[in-house]
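Asker: Just passing along the structure, written as structure tokens.
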Amino acid sequence: MPTDMNHYLEQLLKRTEGHVKLGLENTTRAMALFGNPHHQYRSILVAGSNGKGTTSAYIHRGLQLAGYKTGLFSSPHVVRLNERISIGGRPIEDEELRQLLEETFEACENNQVHLTFFEMMTVVGARYYARHQCDIAVIEVGLGGRLDSTNVHPNFASIVTTIALEHVAILGKDIETIAKEKLAILKEKTLLVTDTSAAWGELARQKATDTKSQLVDASAWQLPETVGAALSYPYFEENFRLAAAFLAAMDITDTNLLEEVARTRVFGRMQPFCYRGNPALMDSAHNPPALEKMGSHILEHARRGGHKTVLITTLLADRELDPITKAFWESFDIIVLFPLKHHRGRKTFQELFSLVSHLDHSRVMVVQGPVKGISMVDNILAEGKHYSLVITGSIYLLGEILPLLEPHMAWEC
-7 MPTDMNHYLE QLLKRTEGHV KLGLENTTRA MALFGNPHHQ YRSILVAGSN GKGTTSAYIH
53 RGLQLAGYKT GLFSSPHVVR LNERISIGGR PIEDEELRQL LEETFEACEN NQVHLTFFEM
113 MTVVGARYYA RHQCDIAVIE VGLGGRLDST NVHPNFASIV TTIALEHVAI LGKDIETIAK
173 EKLAILKEKT LLVTDTSAAW GELARQKATD TKSQLVDASA WQLPETVGAA LSYPYFEENF
233 RLAAAFLAAM DITDTNLLEE VARTRVFGRM QPFCYRGNPA LMDSAHNPPA LEKMGSHILE
293 HARRGGHKTV LITTLLADRE LDPITKAFWE SFDIIVLFPL KHHRGRKTFQ ELFSLVSHLD
353 HSRVMVVQGP VKGISMVDNI LAEGKHYSLV ITGSIYLLGE ILPLLEPHMA WEC
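The following block contains the structure:
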């Protein structure tokens, strides 16, 4: 993001309400101020604990290839705020984003509608898709579902990826409660796509029955061999099945088209690159369910060629060092850990150090911030040994350190 947009984002975060605030009232009122733009295109909501971003990207690409003018609303962004709002793979331009934000903020303030940052982005996204006459917008749900601001959309389809224990203080302390929150994005007489063999399968069936909706079981979708071979990484098959099952419900089944969809890459998901001549991988796995699925794939990639392994990671403010994360960390030769500036990150060295003080500090190195963290990694790599670098723990982490890596990184080794 250009420096002026970085500054603009900082100011925007100060002007909007920065905390999590669940509920649809303010977003509904804000949409009404602009003629309800979210009613001017068809919408799909994608909810879940993990896999939302990849599944949304697959659906977006499939609809685009089928001839629909398709928008994509995703979060969080990696580097540029513009990444959150796009049409046909092209993010909104700086000036139009700034204009829509200023207009929305002013109109809401004048009418005593006080929006959080995410609510503001939801409204701006809707105005953008309506202004540019999108046929369909794929909307990635933020936190939960029932009371997430994106749920103001009268979506004709709902995709639920995975459901795990997350944000328990907000969403509930068991899978059943959290599942009900996420499945609440389903509207009357619409379409629900999920894996009915999962733990929440019976709840999904009941919700579809209650809303008189069509239920599509993604686990039953047969993956053509050529399509599976086209996937950028085998792990993404589960997400692809959800997208493909939805596309089939839209009569989009051409194998060549699906192969092209399978080649879609989402930045920061199992993303290989090279840093100072060393093989590297970045991924956004940030919670125990994600690490349970992704951990072995990440480690297998890192250990290719017999390299020593270096992990760059962090713990967000709502995360403790759980057993799954601890075991994943201990699979690496060196772990470099630092706090983030982001509002969801742990802000200080001391706060982070207290969580890991019992670990082996000949391998776990806690530093003051990203600049010192990358400097330490550079010193390690300068030893001349063969290392493989992994960056994971949060998409916010990727966003903060990517600009520091870029002068010495390449996408092909």
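For the sequence shown, my numbering assigns the number -7 to the initial residue and increments by one for each residue that follows.
Here a beta-carbon is modelled for each residue, glycine too, at the ideal position from N, C-alpha and C.
1. Terminal residues of the continuous beta strand (DSSP E) containing Phe265?
2. Any heavy atom of the ligand ADP closer than 8 Å to the Cβ of Glu180?
3. Identify which residue in Val133, Val105, Ile387 and Leu381 has its Cα closest to the Cα of Gly297.
4. Counting beta carbon pairs with one atom in the stretch 16 to 36 and one in the stretch 201 to 220, are three or more of them shorter than 8 Å?
5. Leaving out the 5 sequence neighbours to the left and right, which residues in its chain are closer than 8 Å to Asn231 when beta-carbon positions are compared?
6. Kindly provide the ranges of any beta strand (DSSP E) runs that are 3 or more residues long and lie completely inside the stretch 310 to 362, ordered along the chain.
7. Which class does Gly391 belong to by DSSP, given the choice of helix, strand or coil?
8. Helix, strand or coil, according to DSSP, for Ser211 in the structure here?
9. Straight-line CA distance for Ser67 to Ala156?
10. His52: buried (16+ other C-beta within 10 angstroms of its C-beta) or exposed?
11. Residues in the same chain with beta-carbon distance under 8 Å from Glu180, minus the five sequence neighbours each way, listed in chain order, please.
12. Within its chain, find whatever has a CB closer than 7 Å to the CB of Glu251; leave out the 5 residues flanking it on each side and keep chain order.
13. So the candidates are Thr201, Leu178, Leu183 and Ser211; which of them puts its Cα closest to the Cα of Ala191?
14. Looking at the unbroken alpha helix (DSSP H) that takes in Gly54, where does it start and where does it end?
15. Is Lys174 buried or exposed, if buried means 16 or more other CB atoms sit within 10 Å of its CB?
16. Would Asn362 be called buried (16 or more neighbouring beta carbons within 10 Å of its own) or exposed?
17. Pick helix, strand or coil for Ile177, following the three-state DSSP scheme.
18. Given Leu5, which residues of its chain have a CB within under 7 Å of its CB, disregarding the five upstream and five downstream residues?
19. Classify Pro146 as buried or exposed, calling it buried when 16 or more other Cβ atoms lie within 10 Å of its own Cβ.
20. Of the choices Cys126, Ala402, Leu183 and Leu313, whose alpha-carbon is the least far from that of Leu64?
21. State the DSSP-derived secondary structure class of Thr493, mapped to helix, strand or coil.
22. Tell me where the beta strand (DSSP E) around Gly63 begins and ends.
23. Grouping DSSP H, G and I as helix and E and B as strand, with all else coil, what is Arg34?
24. By the DSSP assignment, the beta strand (DSSP E) with Thr186 in it spans what residues?
25. Secondary structure at Glu251, three-state DSSP: helix, strand or coil?
26. Answer yes or no: do Glu404 and Cys266 have a C-beta to C-beta separation smaller than 9 Å?
27. What's the call for Gln198, buried or exposed, on a 16-neighbour Cβ count within 10 Å?
28. Can at least three beta-carbon pairs, one atom from the stretch 266 to 282 and one from the stretch 367 to 381, be found at a separation below 8 Å?
29. Which value, in whole angstroms, describes the spacing of the CA atoms of Val130 and Ser78?
30. Let me know the secondary structure DSSP gives Ala190 once reduced to three states.
31. Please report how far the alpha carbon of Thr20 lies from the alpha carbon of Phe26, in whole angstroms.
32. Pro29 to Arg123, Cα distance in whole Å?
33. Figure out for me which residue from Arg311, Leu308, Ile290 and Leu307 has the closest Cα to the Cα of Thr301.
Answerer: In short, the structure shows the following:
1. The residue you call residue 265 lines up with position 273 of the sequence shown. Gln263 to Tyr267 is the extent of the beta strand (DSSP E) around Phe265.
2. With respect to small molecules bound, the structure shown includes none, and the ligand ADP cannot be examined in it.
3. As a working mapping, residue 297 is identified with position 305 in the sequence shown. Checking every option, the nearest Cα to that of Gly297 belongs to Leu381.
4. The stretch 16 to 36 and the stretch 201 to 220 do not touch, with fewer than three beta-carbon pairs separated by less than 8 Å.
5. Counting from 1 along the sequence shown, the entry for residue 231 is found at position 239. Cβ within range, chain order: Gly43, Thr46, Thr47, Tyr50 and Thr153.
6. Unbroken beta strand (DSSP E) runs of no fewer than 3 residues, entirely contained in the stretch 310 to 362, are found at 326 to 329 and 356 to 358, following chain order.
7. Walking along the sequence shown from the start, residue 391 turns up at place 399. Helix at Gly391.
8. By one-based count along the sequence shown, residue 211 stands at place 219. Three-state DSSP puts Ser211 in a helix.
9. Position 75 of the sequence shown holds residue 67. Position 164 of the sequence shown holds residue 156. Approximately 19 Å, taken between the alpha carbons.
10. Indexing the sequence shown from 1 puts residue 52 at position 60. Classification of His52: buried, given that the 10 Å Cβ count is 16 or more.
11. To locate residue 180, count along the sequence shown from 1; it is residue 188. Thr203, Lys204 and Ser205, listed in sequence order.
12. Within the sequence shown, residue 251 is the residue found at index 259, counting from 1. Closer than 7 Å at Cβ, skipping near neighbours: Thr218, Val219 and Ala222.
13. The residue you call residue 191 lines up with position 199 of the sequence shown. Nearest option by C-alpha distance: Ser211.
14. The residue labelled residue 54 in the question sits at position 62 within the sequence shown. Start and end: Lys44 to Leu57.
15. Counting from one through the sequence shown, the residue named residue 174 turns up at place 182. Answer is buried; the Cβ neighbour count reaches 16.
16. If you number the sequence shown from 1, residue 362 lands on position 370. Reading off the sequence, residue 362 comes out as Pro, not Asn. Pro362 should be labelled buried.
17. Your numbering for residue 177 matches position 185 in the sequence shown. Residue state, collapsed to three classes: coil.
18. Indexing the sequence shown from 1 puts residue 5 at position 13. Within the same chain, Leu5 has close Cβ partners Phe109.
19. Counting from one through the sequence shown, the residue named residue 146 turns up at place 154. Result: exposed.
20. As a working note, residue 64 is residue 72 in the sequence shown. For Leu64, the closest of Cys126, Ala402, Leu183 and Leu313 by C-alpha to C-alpha distance is Cys126.
21. Because the chain in this structure spans residues -7 to 405, residue 493 falls outside the shown range and cannot be described.
22. For the purposes of this step, residue 63 is identified with residue 71 of the sequence shown, where counting begins at 1. Counting along the chain, the beta strand (DSSP E) containing Gly63 begins and ends at Thr62 to Phe65.
23. Counted from its first residue, the sequence shown places residue 34 at position 42. The answer is strand: DSSP assigns Arg34 an E or B state.
24. Your numbering for residue 186 matches position 194 in the sequence shown. In the DSSP annotation of this structure, the continuous segment of the beta strand (DSSP E) that includes Thr186 starts and ends at Leu183 to Thr186.
25. As a working mapping, residue 251 is identified with position 259 in the sequence shown. For Glu251, the three-state secondary structure derived from DSSP is helix.
26. In the sequence shown, residue 404 corresponds to position 412, counting from 1. In the sequence shown, residue 266 corresponds to position 274, counting from 1. The Cβ atoms of Glu404 and Cys266 lie closer than 9 Å to each other.
27. By 1-based counting over the sequence shown, the position of residue 198 is 206. Gln198 is exposed by the Cβ-count criterion.
28. Proximity of the stretch 266 to 282 to the stretch 367 to 381 meets the contact definition, three or more beta-carbon pairs being nearer than 8 Å.
29. For the purposes of this step, residue 130 is taken as residue 138 along the sequence shown, with counting starting at 1. For the purposes of this step, residue 78 is taken as residue 86 along the sequence shown, with counting starting at 1. Between Val130 and Ser78, the C-alpha separation is close to 10 Å.
30. Within the sequence shown, numbered from 1, the residue matching residue 190 stands at position 198. Residue state, collapsed to three classes: coil.
31. The sequence position of residue 20 within the sequence shown is 28, counting from 1. The sequence position of residue 26 within the sequence shown is 34, counting from 1. Counting only the Cα atoms, Phe26 lies some 10 Å from Thr20.
32. For the purposes of this step, residue 29 is taken as the residue at position 37 of the sequence shown. For the purposes of this step, residue 123 is taken as the residue at position 131 of the sequence shown. Inter-residue distance for Pro29 and Arg123 is about 8 Å (C-alpha atoms, whole angstroms).
33. Reading the sequence shown from its first residue, position 309 is the one you call residue 301. Nearest C-alpha to Thr301: Ile290.
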